[in-house]
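With the numbering used here applied, the sequence shown covers -17 to 261. Beta carbons: idealized from backbone N, C-alpha and C, even for Gly. In what follows, a structure is listed as structure tokens, so that the remarks can point back to it.
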Amino acid sequence: MIYGLTRVRRRVRHSEGDASLPKLAVIVAARDEEEQLPVLIEALSAQDYPADLVSFWLVDDDSRDGTFLVAEKAAKRDPRFHALRSDGSLPIPSPKKRALHTGILQADAEWIVTTDADCTPPPSWLRGLAAFMLPENGAVVGYAPLTGGRSPLEFLAMGESWSAAALAAAGIGLDYPFTAFGRNFAFRRDVYLDLGGYGAGGAYASGDDDLFLQSIAARTNWRIAFAADPRAVVPSLVNPGGRVLSAKARHLSVGTHYAPGWILLGGIGSLLFMGLALV
């Protein structure tokens, strides 16, 4: 694992001005996020990225509150924003991935970037990710730490998010990428469509970003990068109390569908890094 971390590729795009930047579409699936979504919208509005090279797609995931109205308001105020409702006719069991797929189909961009409605990306986020969108790369995995913990369980979750990021970076450094974070994940739209979207992973409530990443590694010749750049970090508040366990359980539930090698690497790495996180 340590060897993998030392091999994380730090090659980045040489600045040739804004003309060299790729066109991006940020997709957000939001369910019952009426209160939190305005914070994300403000953060996206402040992105230091050329306005003609980025669009923001807010997809209402069957909300029961005013989430869609918040998204519509943003779309009316700023032409970069688009408000959509999730297409329930799509044959994707996971509601969240169905919502994301709805946005991806509508977006016209070279790269898709995903984050969650409860995240607060810094203004430098998209430029930080774009630095790793090199011609040979098909996906970029970003760091998405949990913050704001108060209880022992919440601090444990924060430590686990650190260990998961170290594990993701190490796997990529070993040319064996196996885990990603939907809160901070970028991939080429063409790669996504060529692989059939989230595929079988779209059946699970969580963890399908991992399966999609593994599919890119196993079925294509694209390389995968870890965004080792502080500009590209996307923090989010840790789930309170017992929701920490339920969220982790959803993510682990898909682990049985990993290839044996990924299970072994993930298990060993998790034990190692969790031990370090708790020290």
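Here P127 is actually not in contact with D30; their C-beta atoms are around 21 Å apart, not less than 8 Å.
The three-state secondary structure of T84, taken from DSSP, is helix.
When DSSP reads this structure, T97 sits in a beta bridge with V10. Excluding five sequence positions before and after D43, the CB atoms of its chain that fall closer than 7 Å to its own CB belong to A11, A12, R13, S68, P77, K78 and A81, given in chain order. For S145, the three-state secondary structure derived from DSSP is helix. Excluding the 5 residues flanking it on each side, D34 has no same chain C-beta neighbour closer than 7 Å. Taking a 10 Å sphere around the C-beta of L175, we find fewer than 16 other C-beta atoms and assign the residue as exposed.
Only exposed fits G130, as fewer than 16 other CB atoms lie within 10 angstroms of its CB.
Rounded to the nearest whole angstrom, the C-alpha separation of E16 and D98 is 13 Å.
Beta-carbon to beta-carbon, V21 and V95 are separated by about 18 Å, too far to satisfy the 8 Å threshold. A residue is called buried when at least 16 other Cβ atoms come within 10 angstroms of its Cβ; P75 does not meet this threshold and is exposed.
S37 is bridged by DSSP to A7.
The C-beta distance from H83 to G179 rounds to 6 Å, short enough to meet the 8 Å contact threshold.
Cβ-Cβ distances below 7 Å link D211 to G110 and A113 in the same chain, with the five nearest sequence neighbours on each side left out; the list follows chain order. Here the C-alpha atom of I23 lies approximately 26 Å from the C-alpha atom of W144. Beta-bridge annotation (DSSP): A168 is paired with V95 and V122. Under the three-state reduction of DSSP output, F194 falls in the helix class.
With a 10 Å radius around the Cβ and a threshold of 16 neighbouring Cβ atoms, P73 comes out exposed. The beta carbon of R201 sits closer than 7 Å to those of L177, all from its chain and outside the five residues before and after it, given in chain order. In the structure shown, I74 adopts coil according to DSSP, grouped into three states. In this structure A150 is in contact with F208, their Cβ atoms being roughly 6 Å apart against a cut-off of 8 Å. DSSP places T49 in the helix class (H, G or I) of the three-state scheme.
Leaving aside the five residues that flank V52 on each side, the residues in its chain whose CB is nearer than 7 Å to its CB run, in chain order, E16, L19 and P20.
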